[in-house]
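J.: One structure, as structure tokens, below. Some questions next.
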Amino acid sequence: MAPHSTTIDTAHIKATAQKELLDLLVAVSPASSTLAFMWNLADRLFRYVVPPPTPGAAELLIAGQDHGIDKIFWVEENVVADVTQKNVVFLVRCTVRNALAIAAIYRSSLDATTYVTGEERSTDKPTAHVKSNAKIPGQQFEYNVLFVPRRTLVCEKILEDEGVLGDLTIGEFPLHFIPLEPDLLSLELEDAFEELYLRKDHTSIFYSARALMNIQRRYGLFPRIIGKGDCARRLADALIRMRGEEDASDSSSSPFALAPSSVLGELIVVDRESDFMTPLLTQLTYEGLIDETIGIHNSKIEVDSSLVGGPQQSGVATASSSSASPAAASSQQKKRPIPLNSEDKLFENLRDTNFAIVGNLLNKVARRLNDDYEGRHQAKTVSEIREFVGKLGSLQQEHQSLRLHTGLAEEIMKHTRSDIFNRILEVQQNLAAGVDPSSQHDAIEELIARNAPLESVLRLLCIESLVGQGLKPKDLDNFKREILQGYGYQHVLTLAALEKLQLLQSRTSITSSTSTRTNYATLRKSLKLIVDEVNEQNPDDIAYVYSGYAPLSVRLVQCVIQKPLMTRGRRGEDPSTPAGAGATVNWAATGWRGFEDVLKSVKGKTFDELQRGEEKAVRARNLLNGANEKRVTVVFFVGGCTFTEIAALRFVGRREEGKREIVICTTGIINGDRMMKAAMEKQ
Amino acid sequence: LTGKRGISFEEIARTAYDEGRGRLATQLLNYEPRAGRQVPLLLNMEEDEIALDKAIESGDTDLVFFVLLHLKKKLPLANFFRMINNRPVASSLIESSARETDPELLKDFYYQDDRRADGAHVILRDSLAQKDLSLKMEKLKLASKLLADAKEHALEAKALDESAKLLHMQEIFEKDLQQERFVGDSINETIFKLIRMGYSSRANKVKSEFKVPEKRFWWLKLRALVAKRDWG
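As given, the protein sequences belong to chains A and Z, one line each in that order. Per the working numbering, the first sequence runs over residues 1362 to 2044. Per the working numbering, the second sequence runs over residues 65 to 296.
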């Protein structure tokens, strides 16, 4: 069925995923039997699709109960506690570690069957499908594994080597994109950064291509694939290849399947590797700072329950129905998960603003809210009172959310006011602006001596290395010694990993290598990365997200879709005039045109591919859907993107509202600490 | 025939192969766009290298892995290493999977490829995981010896020697000053603890032994004294 929407319908992606999962579960078990349901704790991913048993859990768990899900476990410590049901379903990503864990659980459960035999179970149901193991009397389990997003030969091989393959029923659950927001799709592959750039394992590119392919299958081909970076190139190649494979398969479902889309505009692929610096800087938007200080995973944060007040009601911070799920009571801990998404209207307004103005905004909302409450005194007549009571629910909800965000903002303030934080920020801004790096060395040494977080120190050194094309060998050796003595000799491994990532290098090793690196010194001028007088209150440029530094990655996107603005900026004219005002030059130019020279100082391959289809099919499609003037531009970040980049792209999107809509896709959400942790040894 | 939808070159090629015309089959397979279908047949035909290359081309890491597992079983280890050596995608896949499941294979691979630093890192990782102190030291020495051969890793080699020395000192501290744990701490942490506990001569010894710069030492001292609330 051809969709008639003018945009990518992210809700559809979610609905499809949920339906598929339910279908799989139904297929796994006879309708009336019950399942124990497990997945790996490390894969927070599934908390989204199948929310955990906490208040505020959404549709699927409830739906799942209809389908007989009895209990949900996180696979941890290789022990499955308290399985009461006959069917056990593992829902895990197909990683080596998970496969080994499943095998271990399976075997330990065989040993422990005596414990389970105590379970009383009605036996009037036919038990023919139960794996017959005559030696163990009583309860038998049926083991099912659903691999996400697919079963791999590798995992099967491991299960085979462990001798459990034959006892498992294996299926796959092709979950790729997870819609975090209507304009934000993520694969939520937390390790993608490490795999891509440190281990050179390109699995996540393959999954990205599959995910984008699903979009193309529904909306048609991207007419144009534009990108920068080696991994970006691989992704484009994989997409083009998959189109070829699709053409070869027999399923000729629709005559104009895979013709250029009338909904989609271009796909812009940005490789994290072409701009490592942006995520290394401390993000200064509200959401960015929450991620830096508390950490956001799958649109959720874990905060002290004191911050959100009453233990049960606070789930109301989102509009989602708080269901009385069975295990809710058991998950009473000190930390509470709080969803952060655009369902919370206050958060939607705050998230992308510079943190400097959050206090003011909160204050304004508090005043308005107060006025609204005061409005009750004016309510004299019965109908007026009734009207006020009708509003009361939403008022209280707003009140809750205000309390949460005031608390959060205070938490963050504590952090941003600290001496160490400000030292770090100062060094960062100096380095980004191009100050002689050696003038910052004293400050960095002091931070090490004061035991600042290792991640922060390493971020600073990496920034210096990126901006200055490496450190002087003498300086690098000195800092290496400082770090090893300050944080432990095991970080010999960390430093080696950072070198492999080309994040922290000596100048000599850079000059001897032939590959080009992103040259921030030249780009700073040609792309106007530093904007001195940035207006945080009422931003006129994306540089507001770092209080003066414009993310290179988003600047590159602007080179494609906001050419007039970018060329004006380059000629040194007033860049603050809104885009499209007097645009004449280059207006029709597409792709990278006009910026080829700039791209030469950015790392990685540059490409611009057109995808054409048969004339007839294109015309048919246009006839059916009408040629849309407004198209969807998809920006895909290979290797992760930051909340600041998302905010900056939303800012660009608002400027371009009439012409296009921007949807952001990524392999995952990243920040500087997560990048550094990728280099550190996992304990 | 090219460009037509729904034609399976794989089937044609398979027929050709069954008829004993191997070369023709290989040529025909070049037209098959679906790597998932090319590769198994190529392996069947014992065209190992072509199969590996086609798998790599597909971008499907699972398919690459499938070929690699097949080849590893089939070939002597040295030949297998030689085959993946000049194919970065393949060797990095072997590296990253061996990291979790088979460190010995990794050591062999690095040794054969003369990647001393990487080999030393595997041993260092081993050492970090060791609970037993003497085993830990032994592995440290082994790693340091591997690194010392190469000039560009002089700093790392020295660092590992230092690390062994530090562990030794920490062991003694633990014996002498029973109330505190030291093993595994960094130099800064060790100095910090010693000062906080009031053993400043021992702290000074650590400082001179590892040439801790004056400035850092004073920061440590300041922090430790504050933690101790010693305003004297």
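Yeah, the Cβ is synthetic: ideal placement off N, Cα and C, and Gly gets one too.
1) Which residues of chain A have a Cβ atom closer than 7 Å to the Cβ of glutamate 220 (chain Z), listed in chain order?
2) Taking only the alpha-carbon atoms, compute the straight-line gap between arginine 1585 (chain A) and arginine 1954 (chain A) and give it to the nearest angstrom.
3) Taking the alpha-carbon positions, what's the tryptophan 283 (chain Z) to arginine 1811 (chain A) distance?
4) Based on the DSSP output, what are the partners of glycine 2002 (chain A) in its beta bridges?
5) Relative to the alpha-carbon of arginine 2011 (chain A), which residue among A:Val1906, A:Lys1924, A:Lys2038 has its alpha-carbon at the smallest distance?
6) Using a cut-off of 7 Å between C-beta atoms, extract the partners of glutamine 1846 (chain A) located in chain Z.
7) Quick one: measure Cβ to Cβ for leucine 132 (chain Z) and isoleucine 158 (chain Z), integer angstroms, because I've assumed they're closer than 8 Å.
8) Flag this pair as yes or no: are the beta carbons of phenylalanine 2004 (chain A) and threonine 2027 (chain A) separated by less than 7 Å?
9) So is valine 1506 (chain A) buried or exposed if we call it buried at 16+ other beta carbons inside 10 Å?
10) At 7 Å on the CB atoms, spell out the chain A contacts of alanine 223 (chain Z), in chain order.
11) Please identify the residue among A:Leu1641, A:Arg1929, A:Pro1621 whose C-alpha is closest to the C-alpha of arginine 1578 (chain A).
12) Taking DSSP as the reference, what is the three-state secondary structure of phenylalanine 1968 (chain A)?
13) Does the region 1561 to 1571 of chain A come close enough to the region 1583 to 1599 of chain A to have 3 or more Cβ pairs within less than 8 Å?
14) Relative to the C-alpha of threonine 1951 (chain A), which candidate in A:Glu1709, A:Leu1536, A:Leu1711, A:Val1918 has its C-alpha closest?
15) Look up glutamate 1663 (chain A) in the DSSP assignment and give the residues it is bridged to.
16) I'd like to confirm the pairing. Which residues does DSSP put opposite valine 1995 (chain A) in its beta bridges?
17) Measure the alpha-carbon distance for alanine 2009 (chain A) versus phenylalanine 145 (chain Z) and round it to whole angstroms.
18) Proline 1540 (chain A) lies in the beta strand (DSSP E); which residues open and close that run?
19) Taking Cβ-Cβ distances below 7 Å as the criterion, which residues of the region 1501 to 1516 of chain A are in contact with chain Z?
20) Go through the region 1581 to 1609 of chain A residue by residue and report every complete run of the alpha helix (DSSP H) that reaches 4 residues or more, in order.
21) Anything in chain Z within Cβ reach of arginine 2016 (chain A), meaning under 7 Å, just list it in chain order.
22) Please compile the residues from chain A whose C-beta is within a distance smaller than 8 Å of the C-beta of histidine 185 (chain Z).
23) By DSSP, does proline 1498 (chain A) sit in helix, in strand, or in coil?
24) Note the first and the last residue of the continuous beta strand (DSSP E) segment covering glutamate 1533 (chain A).
25) Run through the region 1556 to 1585 of chain A for me and flag every whole alpha helix (DSSP H) of 4 or more residues, listed as ranges in chain order.
26) So the candidates are Z:Val290, Z:Met233, Z:Asn150; which of them puts its Cα closest to the Cα of methionine 261 (chain Z)?
27) Along chain Z, which residues have their Cβ under 7 Å away from the Cβ of histidine 1537 (chain A)?
28) Are the CB atoms of leucine 1514 (chain A) and alanine 1464 (chain A) within a distance shorter than 7 Å?
29) For leucine 1854 (chain A), which residues in the same chain have their Cβ closer than 7 Å to its Cβ, ignoring the five residues on either side in sequence?
30) For the ligand GDP, any of its heavy atoms closer than 6 Å to the Cβ of phenylalanine 129 (chain Z)?
31) How would you call glycine 1720 (chain A), buried or exposed, if buried means at least 16 neighbouring beta carbons within 10 angstroms?
32) Run down chain Z in chain order and give the residues with a C-beta less than 7 Å from the C-beta of lysine 1518 (chain A).
33) Kindly indicate if chain A contains any beta-carbon less than 7 Å away from that of phenylalanine 130 (chain Z).
34) Between the Cα of phenylalanine 1840 (chain A) and those of Z:Arg287, Z:Trp295, Z:Val276, Z:Gly100, spot the shortest distance and give me the residue it belongs to.
35) Alpha carbon to alpha carbon, how far is serine 1870 (chain A) from phenylalanine 1637 (chain A)? Give it in angstroms, no decimals.
36) Taking only three categories from DSSP, how would you classify threonine 1951 (chain A)?
T.: Answer, in terms of the structure:
1) Val1853
2) 13 Å
3) 7 Å
4) Glycine is not the amino acid found at residue 2002 (chain A); the sequence shown has cysteine there. According to DSSP, residue pairing for cysteine 2002 (chain A) in a beta bridge involves A:Ile2030.
5) A:Val1906
6) Ser250, Ile251, Asn252, Phe274, Val276
7) 6 Å
8) Their beta carbons are not under 7 Å apart, which means phenylalanine 2004 (chain A) does not touch threonine 2027 (chain A) by this criterion.
9) buried
10) What alanine 223 (chain Z) touches in chain A, judged by beta-carbon distance under 7 Å, is Leu1845, Tyr1850, Val1853, going in chain order.
11) Nearest C-alpha to arginine 1578 (chain A): A:Pro1621.
12) strand
13) yes
14) A:Val1918
15) Assignment of beta-bridge partners to glutamate 1663 (chain A) by DSSP yields A:Pro1698.
16) A:Leu1628, A:Val2024
17) 46 Å
18) 1539 to 1542
19) Thr1513, Leu1514, Val1515
20) 1591 to 1609
21) Those within 7 Å of arginine 2016 (chain A) in chain Z number zero; the least Cβ separation is about 35 Å.
22) Val1853, Leu1854, Ala1857
23) Note that proline 1498 (chain A) scores 40 on pLDDT, short of 50, meaning its location in the model is unreliable; the coordinates nonetheless yield the value given after this. DSSP places proline 1498 (chain A) outside both helix and strand once states are collapsed to three, so it counts as coil.
24) Taken as a continuous stretch (DSSP letters only), the beta strand (DSSP E) holding glutamate 1533 (chain A) covers 1529 to 1533.
25) 1564 to 1580
26) Z:Val290
27) Going along chain Z, no residue has its Cβ under 7 Å from histidine 1537 (chain A), so there is no contact; the nearest lies around 14 Å.
28) For alanine 1464 (chain A) and leucine 1514 (chain A), no; Cβs fall outside 7 Å.
29) Within the same chain, leucine 1854 (chain A) has close Cβ partners Glu2042.
30) Among the components modelled here there is no ligand, and therefore nothing to report on the ligand GDP.
31) exposed
32) Leu133
33) yes
34) Z:Val276
35) 18 Å
36) coil
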